[in-house]
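Enquirer: Residue numbers for the sequence shown, in my numbering: 4 to 157.
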Amino acid sequence: MKCSGGVDAGVAWRQAASGSVGTMAVGTAVASVSIPKSTAHQTITCMGALAQAYRQEGRTGIAQALGELAEDSRTLAGMLQVSGDTTVRVPVATLTRIADHLTVGAQRETGSEALQAALWRTAGRLQRWIADATTQAAAQAKKAKKAEKAAAGR
Numbered sequence: 004m005k006c007s008g009g010v011d012a013g014v015a016w017r018q019a020a021s022g023s024v025g026t027m028a029v030g031t032a033v034a035s036v037s038i039p040k041s042t043a044h045q046t047i048t049c050m051g052a053l054a055q056a057y058r059q060e061g062r063t064g065i066a067q068a069l070g071e072l073a074e075d076s077r078t079l080a081g082m083l084q085v086s087g088d089t090t091v092r093v094p095v096a097t098l099t100r101i102a103d104h105l106t107v108g109a110q111r112e113t114g115s116e117a118l119q120a121a122l123w124r125t126a127g128r129l130q131r132w133i134a135d136a137t138t139q140a141a142a143q144a145k146k147a148k149k150a151e152k153a154a155a156g157r
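(1) Starting from Val91, follow its DSSP beta bridges and name the residues at the other end.
(2) What would DSSP say about Glu116, mapped onto helix, strand or coil?
(3) Would you mind listing the alpha helix (DSSP H) stretches within the stretch 32-85 that are 4+ residues and don't spill past its ends, in chain order?
(4) So which of Lys149, Gly87 and Thr106 has the shortest CA-CA distance to Lys40?
(5) Please list, in chain order, all residues of the same chain as Ala109 whose beta carbon is under 6 Å from its beta carbon, the five residues on each side excluded.
(6) Report yes if the C-beta distance between Ala102 and Ala68 is below 7 Å; otherwise report no.
(7) Pull up the distance between the alpha-carbon of Gly114 and that of Gln45, whole angstroms please.
(8) Rounded to the nearest angstrom, how far is the Cβ of Ile133 from that of Leu98, given a contact under 8 Å?
(9) Could you check what DSSP says for Arg100 in three-state terms: helix, strand or coil?
(10) Do you know how far the Cα of Ile38 is from the Cα of Gly81?
(11) May I ask you to report which of helix, strand or coil DSSP gives Gly108?
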């Protein structure tokens with residue numbers, strides 16, 4: 004199985020493991036991110052390919068990872084079905100966890116080189132959507148705070 008993505012990512016977001024969900028410098032958090040449906044489909048395909056590669060390699064201690072991949076895949080597929088738009092809103096925690104799983108799979112050199120490249124690209128794309136949403140939310144929060152100060156000064 005092959006999946007495609009957009010950007011190369013060498014660093015994984017470890018926020019899912021630490022419990023952080025896209026917290027910004029101004030103290031606000033992004034709860035969900037809107038991603039294109041095509042990215043969601045690519046992500047589901049990569050998750051399935053990674054799960055299949057894990058099973059074929061017979062690595063020990065992968066039961067939890069397989070369970071999380073299956074659960075996140077079902078969650079993302081369900082969100083795709085209910086979305087009537089060209090995008091789908093996904094919780095940051097879910098996207099972060101998925102990106103982390105894809106990155107770990109690539110770091111462990113799971114599957115073929117083509118799969119590893121697809122895992123890196125897809126994880127990078129998810130990380131970019133999270134970062135963009137976080138940056139936009141931070142800018143909006145800063146703008147709102149500035150407007151609030153201006154209104155209070157009148």
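Note that beta-carbon positions come from the ideal geometry of N, C-alpha and C, so glycine has one too. None of these values were measured; they are calculated from a predicted model.
Expert: By the coordinates alone:
(1) As a position in the sequence shown, residue 91 is number 88, starting the count at 1. Looking at the DSSP assignment, Val91 forms a beta bridge with Ile38.
(2) The residue given as residue 116 occupies position 113 in the sequence shown. Residue state, collapsed to three classes: helix.
(3) 40-60 and 66-85
(4) As a working note, residue 40 is residue 37 in the sequence shown. Nearest of Lys149, Gly87 and Thr106 to Lys40, Cα basis: Gly87.
(5) Looking up residue 109 in the sequence shown gives position 106. Same-chain partners within the cutoff: Gln119, Leu122 and Trp123.
(6) As a first step, residue 102 must be located in the sequence shown, where it is residue number 99. As a first step, residue 68 must be located in the sequence shown, where it is residue number 65. It is not a contact, given that the beta carbons lie outside the stated cut-off.
(7) Counted from its first residue, the sequence shown places residue 114 at position 111. Counted from its first residue, the sequence shown places residue 45 at position 42. Distance between the alpha carbons of Gly114 and Gln45 is about 17 Å.
(8) Counting from one through the sequence shown, the residue named residue 133 turns up at place 130. Counting from one through the sequence shown, the residue named residue 98 turns up at place 95. The Cβ separation is near 6 Å, so the contact holds.
(9) In the sequence shown, counting from the first residue as 1, residue 100 sits at position 97. Residue state, collapsed to three classes: helix.
(10) Taking the sequence shown and counting its residues from 1, one reaches residue 81 at position 78. Taking the sequence shown and counting its residues from 1, one reaches residue 38 at position 35. Straight-line Cα distance between these residues: approximately 14 Å.
(11) Within the sequence shown, numbered from 1, the residue matching residue 108 stands at position 105. Looking at Gly108 - three-state DSSP - the assignment turns out to be helix.
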